[in-house]
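Trainee: In the working numbering, the protein residues as written are 13 to 464.
Just so you know, even glycine gets a beta-carbon here, dropped at the ideal spot from N, CA and C.
The model shown is predicted, which means the values in this text are computed figures rather than measured ones.
Dropping a structure here in structure tokens format, bear with me for questions.
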């Protein structure tokens, strides 16, 4: 679609509406009711994404697709943000870490965006799918082993499985030695939890990783970014790694948890593959619910509303995917027509690896704990009351206790023609160089894979 949507807003004479707050327990408990209310105002409506922070939220699938595919009129560089530049955004607003400018592909446009994105997509293309499945299975087995022998046969899968699993996989993909991987996980987890100083921990750990790869390149995502023909600076490499972590791990955790809850729920049709559960989550419980701020380069018309240049327009992927106007055409649409991964030039570059990780994670859980079942009906599970994501707070399960042991990992082979490269440092040698003290999650995972 290349024409602006013509959906009309509220009828003439309709009383003025106050902004709908898209945060807090009321929103978190029933976001769909909020989206339904907003749809009555047209394809978009003004909302408060955080206290004192107004944005235009797009709830129409057609309007969302139009904006995502129209980079000439809607750009991503948040340095244009009018209210921020005029000092009208609170300095401590939780919206700033999500919407503030960073020098990465997500917040870039034009040639700068094309250069950074090409480096990311080419580097991700070097990820071997079979090896990715193997890495995910190993991470899953380790996490399951930590609670599977519990004598009560109970666990909470969000904190114990869905949230840490992508962190282990990404640390492995980045080629982290144990101690650096530990700090990467602490740093990115702290950022999501709002822990003071977490961004510094993450930045220092990734800086050390990049310096290590300068001395000792490996067959990993970090090295491929550094050696790409786009010639990224070390700072640019660091920011792309942060983007991959922040944009990949939390949504993956949400997808794994929601898909697991769905397939273990009372309404799931037995025999349907895990891929169907993950696809249904991407349609109906979009892990990135409201995000992707765009800034009009000129005043634009969205239905009956005029959005001024440089005022932020957020895409509600959750509302767009469940747009009632789309329901009548769903059977004709591809299963991949959802907007959970975005669309247009800024669509998620890692959507295929993300889907593989999510499916493998849920399959591993079902294979290792074949009688696992949820302890709370799906409809009674609680969701995180945040505007940005759609993620379960907890996922309590029960199962028959059992021991899960590590399987032998395949020995990675050097890439053809990459004679100057070497495999990642041997875990034993890297662990010996780590500081003393209780090892972190990644160190314990690597030790477990070695049977220690």
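Under the assumption that residue 221 contacts residue 186 (Cβ atoms under 8 angstroms), give the Cβ distance between them as a whole number of angstroms.
Mentor: Contact holds; Cβ gap of about 7 angstroms.
Trainee: Which residue's Cα is closest to the Cα of residue 299: 147, 314 and 271?
Mentor: For the residues 147, 314 and 271, the minimum Cα distance to residue 299 belongs to 271.
Trainee: Does the contact criterion of 3 or more C-beta pairs under 8 angstroms hold for the segment 130-142 versus the segment 240-253?
Mentor: Verdict: yes, contact present.
Trainee: Should residue 150 be labelled buried (16 or more other beta-carbon atoms within 10 Å of its own) or exposed?
Mentor: Label assigned to residue 150: buried.
Trainee: As a quick exercise: from 309, 356 and 285, pick the residue whose alpha carbon is nearest that of residue 376.
Mentor: Closest by alpha carbon: 285.
Trainee: Hey, quick one: how far does the beta strand (DSSP E) through residue 410 stretch, first residue to last?
Mentor: 408-410 is the span of the beta strand (DSSP E), which, as asked, contains residue 410.
Trainee: Which whole-angstrom value is the C-beta distance of residue 219 and residue 210, which I expect to be below 8 angstroms?
Mentor: With 8 angstroms as the limit, residue 219 and residue 210 do not qualify as a contact, their Cβ atoms being about 15 angstroms apart.
Trainee: Smallest Cα separation from residue 98: which of 323, 42 and 346?
Mentor: Checking every option, the nearest Cα to that of residue 98 belongs to 323.
Trainee: With H, G and I counted as helix, E and B as strand and the rest as coil, what does DSSP make of residue 46?
Mentor: Reduced to three states, the DSSP call for residue 46 is helix.
Trainee: Would you tell me roughly how many angstroms separate the C-alpha atoms of residue 126 and residue 393, rounded to the nearest one?
Mentor: The straight-line gap from Cα to Cα measures roughly 41 angstroms.
Trainee: In three-state terms, what does DSSP make of residue 114?
Mentor: Coil.
Trainee: For residue 60, write down the residues that DSSP places opposite it in a beta bridge.
Mentor: Partner(s): 33 and 66.
Trainee: Please specify which runs of the beta strand (DSSP E), each continuous and at least 3 residues long, are wholly inside the segment 116-182, giving them in chain order.
Mentor: Qualifying beta strand (DSSP E) stretches, in chain order: 166-168.
Trainee: Identify every residue that forms a DSSP beta bridge with residue 320.
Mentor: According to DSSP, residue 320 bridges with nothing at all.
Trainee: Enumerate in chain order the residues of its own chain whose CB-to-CB distance from residue 31 is below 7 angstroms, with the five nearest sequence positions on each side excluded.
Mentor: The answer, listed in chain order, is 58, 59, 60 and 66.
Trainee: Below 8 angstroms between beta carbons: does that hold for residue 70 and residue 312?
Mentor: Contact: no.
Trainee: Going by alpha carbons, who is nearest to residue 310 out of 36, 94 and 63?
Mentor: For the residues 36, 94 and 63, the minimum Cα distance to residue 310 belongs to 94.
Trainee: Does the separation of the CB atoms of residue 351 and residue 332 fall below 8 angstroms?
Mentor: Yes; because the gap between Cβ atoms is below 8 angstroms, this pair is in contact.
Trainee: Could you give the residue range of the beta strand (DSSP E) that holds residue 285?
Mentor: Per DSSP, residue 285 belongs to no beta strand (DSSP E) and is neither H nor E.
Trainee: Are the segment 160-180 and the segment 450-462 touching by the rule of at least three beta carbon pairs closer than 8 angstroms?
Mentor: In short, these stretches touch, since the Cβ pair count reaches three.
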